[in-house]
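J.:
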Amino acid sequence: MAMKTTFPFTRIIKDLPALVPFVSIKTMERSKGYSIKLRLGANESRFGISPLAREAMREAIEDISLYGDPESYDLRTAIANLYKIDRDNIVVGSGIDDLLGLVARTFIEPGQKTVMSKGSYPTFNYHVVGYDGQMLHVPYQDFHNDPEALVKMAKIADARIIYLVNPDNPTGTYLPAKKIRRAIEQLPPQCMLLLDEAYIDFAPATALLPVKPLHPEVIRLRTFSKGHGLAGARIGYAIADPAIIAAFEKIRLHYGVNAVAQAGALASLQDTDFLLAVIAEVEAGRNEYANLAKELGLSTLPSATNFVAIDMGSQERAHAMVDKLFELGVFIRMPSADPLNRYIRVTVGTPQERWEFSRIFRKVYLQE
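Here UniProt numbering is used: position 238 in the sequence shown is 238, and no number is missing along the way.
1) Tell me whether R222 sits in a helix, a strand or coil according to DSSP, three-state version.
2) May I have the straight-line CA-CA distance separating L16 from F7, to the nearest angstrom?
3) Taking N125 as the reference, which of D146, F326, S299, I162 has the closest Cα?
4) Assign L187 to one of three DSSP states: helix, strand, or coil.
5) Is A56 near A267, with beta carbons less than 8 angstroms apart?
6) Which residues in the same chain have their Cβ closer than 6 angstroms to the Cβ of P216, if we skip the five residues on either side of it in sequence?
7) When you compare each of A205, D86, D146 to A304 by their alpha carbons, which one comes out closest?
8) Count Cβ pairs between the region 339-350 and the region 32-41 that sit closer than 8 angstroms; are there 3 or more?
9) What three-state label does DSSP hand F143 in the structure shown?
10) Under the three-state reduction of DSSP, which class applies to Q134: helix, strand or coil?
11) Could you pull the start and end residues of the alpha helix (DSSP H) that M28 belongs to?
12) Keeping to the same chain, check which residues put their C-beta closer than 7 angstroms to that of L187; ignore five residues upstream and five downstream.
13) Report buried or exposed for F9, applying the criterion of at least 16 other Cβ atoms within 10 angstroms of its Cβ.
14) Taking the C-alpha atoms as reference points, what is the distance between S336 and R181?
15) Go ahead and pull the three-state DSSP assignment for M334.
16) W355 to H144, Cα distance in whole Å?
17) Return the residue from the list E327, Q270, G285, R252 that minimises the CA-CA distance to E71.
18) Give the C-beta separation of Y34 and F326 to the nearest angstrom, bearing in mind that I take them to be a contact with Cβ-Cβ under 8 angstroms.
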């Protein structure tokens with residue numbers, strides 16, 4: 001019998017559980033043997049990409065044998081012009097998940113604490129723990145992030161970062177800008193606010209904290225994965241103080257953002273008509289899901305995102321619905337943290353997908 005090889009893993013890796021933030025749909029299909037026909041669980045855009053982006057990416061593929069621009073100069077310039085800020089306030093990464101890793105690597109040392117809402121988007125937690133930091137959790141207040149409680153916990157724990165997702169995932173709820181501004185004013189010394197705005201395109205104007213004036217203690221994260229539909233291209237950006245951007249530049253992967261993604265994002269940024277059409281379609285879909293739930297005697301959380309959380313009444317019923325729908329070829333998700341674990345989360349699909357989901361969901365629910 002061959003001896004088992006012992007590898008020199010770091011202590012952190014040895015202590016970490018064998019977990020990832022999400023099990024992908026492809027992994028689930030392979031493990032369960034089902035084929036998914038309605039993909040409504042990953043909050044991807046179901047409305048394609050801008051025709052301008054499609055053409056730009058086709059052209060960029062012609063030069064795919066060459067390295068892309070490691071500085072993402074043109075894209076950073078376009079983003080800077082959009083918000084009327086300097087290019088040095090922006091760094092581009094392979095989606096927000098990549099940027100979350102940059103933040104953790106830049107600010108988290110062994111034993112340092114960070115704070116976030118219990119049940120909110122979990123990826124930053126994995127980065128923090130991966131760098132031997134500690135994540136502290138604060139409960140939601142009526143399914144909304146509680147900025148006062150987050151700041152209070154940060155002060156007590158001497159936390160380095162408060163991670164706030166607005167609009168939130170998986171609840172879909174949002175905080176108005178005035179509450180974000182008040183939290184910034186109350187930040188303890190040496191504490192940063194990491195503001196994840198992945199779903200900001202779908203939020204009402206009251207949620208939009210102006211980019212200017214820039215707050216030196218705030219790092220804002222945005223993505224092309226949602227409204228722009230470029231999730232598979234993996235591209236997003238951070239807006240922050242130039243000193244923070246310069247720190248990111250020291251450690252980010254030099255050629256981490258591919259040339260095709262840069263071309264697509266740059267072109268999509270110019271196509272405001274496409275983005276507005278997607279936003280309108282998402283709003284219509286959210287209303288349809290809310291009406292479906294109401295018809296069946298269920299409630300939903302108010303959503304400022306491209307998904308809707310539907311209250312199934314209990315964790316058991318939510319789990320059973322997710323499993324049954326998966327067997328029928330419909331992929332949705334449910335949050336894992338109490339009290340969110342009685343909800344299912346459904347991405348807004350195309351009109352045809354919404355009709356099909358409603359038909360199947362209604363049938364399954366009425367058979368329970």
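All C-beta atoms, glycine included, are put in the ideal place defined by N, C-alpha and C.
T.: Considering the structure as presented:
1) Here residue 222 corresponds to residue number 222 of the sequence shown, with the count starting at 1. Reduced to three states, the DSSP call for R222 is strand.
2) Position 16 of the sequence shown, counting from 1, holds the residue named residue 16. Position 7 of the sequence shown, counting from 1, holds the residue named residue 7. L16 and F7: Cα-Cα distance of roughly 15 angstroms.
3) The residue you call residue 125 lines up with position 125 of the sequence shown. Of D146, F326, S299, I162, the residue nearest in Cα terms is I162.
4) Position 187 of the sequence shown, counted from the start, is the residue given in the question as residue 187. The answer is coil: DSSP assigns L187 none of H, G, I, E or B.
5) In the sequence shown, counting from the first residue as 1, residue 56 sits at position 56. In the sequence shown, counting from the first residue as 1, residue 267 sits at position 267. In contact: A56 and A267 (Cβ atoms closer than 8 angstroms).
6) Locating residue 216 in the sequence shown gives position 216, where the first residue counts as 1. D241, listed in sequence order.
7) Here residue 304 refers to the residue found at position 304 when the sequence shown is read from its first residue. A304 has its Cα closest to that of A205, out of A205, D86, D146.
8) yes
9) Indexing the sequence shown from 1 puts residue 143 at position 143. F143: coil per DSSP, three-state reduction.
10) For this step, residue 134 is matched to residue 134 along the sequence shown. Note: Q134 maps to strand in three-state DSSP.
11) Within the sequence shown, numbered from 1, the residue matching residue 28 stands at position 28. Note, M28: alpha helix (DSSP H), 25-32.
12) Start at 1 with the first residue of the sequence shown, and residue 187 comes out as number 187. Cβ within range, chain order: V151, L193, E217.
13) Within the sequence shown, the letter at position 9 stands for residue 9. Classification of F9: exposed, given that the 10 Å Cβ count is below 16.
14) For the purposes of this step, residue 336 is taken as residue 336 along the sequence shown, with counting starting at 1. For the purposes of this step, residue 181 is taken as residue 181 along the sequence shown, with counting starting at 1. Spanning the two alpha carbons is a distance of roughly 30 angstroms.
15) Along the sequence shown, one-based indexing puts residue 334 at 334. It is coil, neither helix nor strand.
16) The residue labelled residue 355 in the question sits at position 355 within the sequence shown. The residue labelled residue 144 in the question sits at position 144 within the sequence shown. Straight-line Cα distance between these residues: approximately 29 angstroms.
17) Position 71 of the sequence shown holds residue 71. Minimum Cα distance to E71 is reached at R252.
18) As a first step, residue 34 is located in the sequence shown; it is residue number 34 there, counting from the start. As a first step, residue 326 is located in the sequence shown; it is residue number 326 there, counting from the start. So it is a contact: roughly 6 angstroms between Cβ atoms.
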